[in-house]
Structures are given as C-alpha cells and as structure tokens.
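Colleague: If you read the sequence shown in the numbering used here, its first letter stands for residue -12, the second for the next number, and so on. Handing you this structure, nothing more for now.
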Amino acid sequence: MPALCRDCFTTPPDSPRRCPSCGSPRMIAHPELFGLCIAHMDCDAFYASVEKRDNPALRDKPVIIGGGKRGVVSTACYIARIKGVRSAMPMFQALKLCPDAVVIRGRMQAYVDASRAIRAMMAELTPAIEPLSLDEA
-12 MPALCRDCFT
-2 TPPDSPRRCP
8 SCGSPRMIAH
18 PELFGLCIAH
28 MDCDAFYASV
38 EKRDNPALRD
48 KPVIIGGGKR
58 GVVSTACYIA
68 RIKGVRSAMP
78 MFQALKLCPD
88 AVVIRGRMQA
98 YVDASRAIRA
108 MMAELTPAIE
118 PLSLDEA
C-alpha cells in the first residue's frame, strides 16, 4: 500500500509503522494515496511546527505562539493542547494551564517561507491549487 512520511516526505515501498528515513511514527498509508483527484491540506499547529522544525530543542516541549502576557494564543503545539491551551485563549490563562510552555512571539516571514515551500511541493503534483491561508489549501 502506498505510504508517506508526514515529517520528511519519504515514500517507502511498503507501509511501515515508522519512517525508515527519519524514524517518525507520523506515517499515512492509503491504497489511493498517490491517485487522489482532490485533496485538502491543513498543516496542524503550523506556526508551532515551523518553530519546532527550526529549533529541534523544542521538539518535546509545549510551544505556544502568541503575544506577551496580555496577548492571546495564536496557536499551540499538541503538547500544549493536551494541557488545555487553545487558539485565541488569553496568554495568562494559557500559562496557568501550561506554566512550562515556551512562548514565542512568532516569526511571520518564517511561516510565509515554509508555506511557500509546501505550496511549491504541491505545485509539482498539480497546478490546480486553491490556497485558503498560509497553512491550508
């Protein structure tokens, strides 16, 4: 069955539980994976994922993207979400729920660049892309 690693985009010949290239458990497999006509792409916790990609020391840490103590949460990684942190939540409330979180103000240009790179990969597959936001098409 065709498979794809959601972290490094390796396409192994079989459907392993972990990626043979990077070891990630984030594999997707489906008989029609590479024959789909329509697909919806939504990058989970996109800003936090870009921060973790760019700083591997954050990989196992709860990451919150947002303003200062009086601001709000833009997004949070799944580690922070498990503790109850949600988008649009006041930052003081998020930090009460997850006091060990790493708070990052956000680097919009890094997110734009990552989005463009993802769209370029998509454009290699099809010219019919309808962007919805930086992390969705």
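Don't be surprised by glycine CBs; every beta carbon is placed ideally from N, CA and C.
(1) Confirm, please, whether the CB-CB distance from Ala97 to Leu37 is below 8 Å.
(2) Taking the straight line between their C-alpha atoms, what separation do you get for Ala67 and Arg(-7)?
(3) Between the alpha carbons of Pro18 and Leu112, how many angstroms are there, rounded?
(4) In three-state DSSP terms, what is Arg43?
(5) Let me know if Val90 comes out buried or exposed under the rule of 16 or more other beta-carbons within 10 Å of its beta-carbon.
(6) So, for Cys85: in the same chain, excluding its five sequence neighbours on each side, which residues have a beta-carbon less than 6 Å away from its beta-carbon?
(7) Mind listing, in chain order, the continuous alpha helix (DSSP H) runs of no fewer than 4 residues lying wholly within the region 28 to 86?
(8) Closer than 7 Å by C-beta to Ala75: which residues in its own chain qualify, once you throw out the five before and the five after it? Chain order, please.
(9) Given this structure, state the Cα-to-Cα distance separating Phe21 from Met(-12), to the nearest angstrom.
(10) Going by C-alpha distance, which of Arg94, Lys39, Gly54 and Ala101 is nearest Met78?
Modeller: Here's the rundown:
(1) Just to set this straight, residue 37 is Val in the shown sequence, not Leu. Taking 8 Å as the Cβ cut-off, Val37 and Ala97 qualify as a contacting pair.
(2) 20 Å
(3) For Pro18 and Leu112, the gap between their C-alpha atoms comes out near 18 Å.
(4) According to the sequence as given, residue 43 is Pro; it is not Arg. If DSSP states are grouped into helix, strand and coil, Pro43 belongs with the helices.
(5) buried
(6) Pro49, Ala67, Lys70 and Val72
(7) 33 to 41, 65 to 69 and 78 to 84
(8) Same-chain partners within the cutoff: Val59 and Val60.
(9) Approximately 10 Å, taken between the alpha carbons.
(10) Gly54
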